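Quick note on this note's numbering: the sequence shown kicks off at 87 and runs consecutively. Input: a single structure, listed below in structure tokens.
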Amino acid sequence: MKLRSIDNVDVKNKRVVVRVDWNVTLGKALQLVDDTRIVRTLPTIKLLIKNGARQVVILSHLGKAEEKKSIEPVSKYASQLLDEEIRVYKSVSDCKSDIESRVLMLENVRLWEGEDSNDPEFGGQLASLGEIYVNEAFGECHRASASIVGITAHIPSCAGIWLIEEVESVLKVRENPEHPFVVVMGGSKVEDKLPLLKLLAERADTILVGGKLANELQAEDIKLKGKARIILPVEGSDILDIGEETRKIFAGEIKKAKTVVWNGPMGKVEDARYRAGTEAVFEAIVGNKGAYNLVGGGDTLAALGNEEQISEIDHVSTGGGAMLALLEKGVLPGLRVLES
């Protein structure tokens, strides 16, 4: 897949709209729990400023539409990282009227009904905010929303630096994985992950299943057909974390791998008592220096707190759902509109 790149776009004296995925977790005092999704988009924003963009208009969502969250706490944090004031506007017209700010932002796009439904009129309104559109929101590319797909019908569009890196990292594993190819799948929602598991059962050598996903597979007696060996926790179903014996088995399989894909925790990681399984998988992946590893769900890794070790992983995707969808389908709605 060849995407139109920001590197080939002249932005000098142009107003550029950048869609980011700053859908971060906020604590009770509205402080950020993890800033990875913000940090990953900064190189693109800084590049636009460096290359002479007249203005950078940032779009993002935060939470679900019905939660009606304001993006203000996130924009304030991002402005500190950028060392640039980011003014937030509650309407498209107010945002357009600001011709002085170098970086500005529209409120949480999910506050508009036309966002999730990809309303053509709202897509046009968003496009009126700039002359060029840059997608830097990989985590939302599996959704055909107005700020991801609709806007591209109105102004020239391209992919940002991090988006391209995300896509290349995922497609490398999908199209040409080195074997042994080991998949580690955790978390929950078997109905969402089952299509991908069926596909990977044909392509991977081994699939290690933990978390609620393992409980659901066993409870519903779901069988995956394919060449891959499917390994479930030996402790049985209805567990809150994989046990010591399963951790040893999983670590042994990961040690032999040349390609590792991991998505989802092995247990209830929000409770420190049930993190051992997830930590064991993490340590095994980091310890295998000869494998290419792709990890989806940066929030899970952030909860473990090993920043130095996390940096040793080849690619940590900021879009768990989008990563799984791209692995399964090979293309996403938000990427198709950026293809050259």
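Ideal Cβ positions, reconstructed from N, Cα and C, are used throughout, including at glycine. Since this is a predicted model, take the numbers as computed values, not measurements.
Within the same chain, Cβ atoms closer than 6 Å to the Cβ of isoleucine 316 are found at Ile293 and Leu310, the five residues on either side in sequence being excluded. About 4 Å separates the beta carbon of threonine 238 from that of valine 423, a gap short enough to meet the 8 Å contact definition. In the same chain as arginine 126, and ignoring 5 residues on each side of it, the C-beta atoms closer than 7 Å to its own belong to Trp248 and Thr404, in chain order. Out of Gly149, Ile396, Gly382 and Asp400, the CA that lies nearest to the CA of alanine 411 is found in Gly382. Here the alpha carbon of lysine 155 sits roughly 10 Å from the alpha carbon of valine 195.
In the structure shown, the three-state DSSP call for threonine 404 is coil.
DSSP places glutamine 395 in the helix class (H, G or I) of the three-state scheme.
Isoleucine 185 carries a coil assignment under DSSP once its states are collapsed to helix, strand and coil. Cysteine 244 and serine 214 have their C-alpha atoms some 16 Å from each other. Looking at the backbone, the Cα of glycine 209 and that of valine 367 are separated by about 42 Å. By the CB criterion at 8 Å, isoleucine 250 and valine 95 fall outside the cutoff. Rounded to whole angstroms, alanine 305 and glycine 350 show a C-alpha spacing of 19 Å. In this structure glutamate 193 is not in contact with isoleucine 135, their Cβ atoms being roughly 22 Å apart against a cut-off of 8 Å. If the five residues before and after histidine 240 are omitted, its C-beta is found closer than 7 Å to the C-beta atoms of Gly209, Gly210 and Ala213, all from its own chain and listed in chain order. Proximity of the region 251–264 to the region 95–108 falls short of the contact definition, fewer than three beta-carbon pairs being nearer than 8 Å. In the DSSP annotation of this structure, the continuous segment of the alpha helix (DSSP H) that includes phenylalanine 336 starts and ends at 330–341. Counting only the Cα atoms, glutamate 226 lies some 15 Å from threonine 122. Contact between alanine 314 and alanine 337 does not hold, since their C-beta atoms are separated by about 18 Å, which reaches or exceeds 8 Å.
Distance from the CA atom of valine 270 to the CA atom of aspartate 327, rounded to whole angstroms, is 14 Å. Under the DSSP assignment, glutamine 141 falls in the beta strand (DSSP E) whose first and last residues are 141–145. Isoleucine 371 counts as buried, since no fewer than 16 other beta carbons sit within 10 angstroms of its beta carbon. DSSP, reduced to helix, strand and coil, places serine 255 within a helical segment of the structure shown.
Straight through space, the alpha carbons of valine 346 and methionine 352 are spaced by roughly 15 Å.
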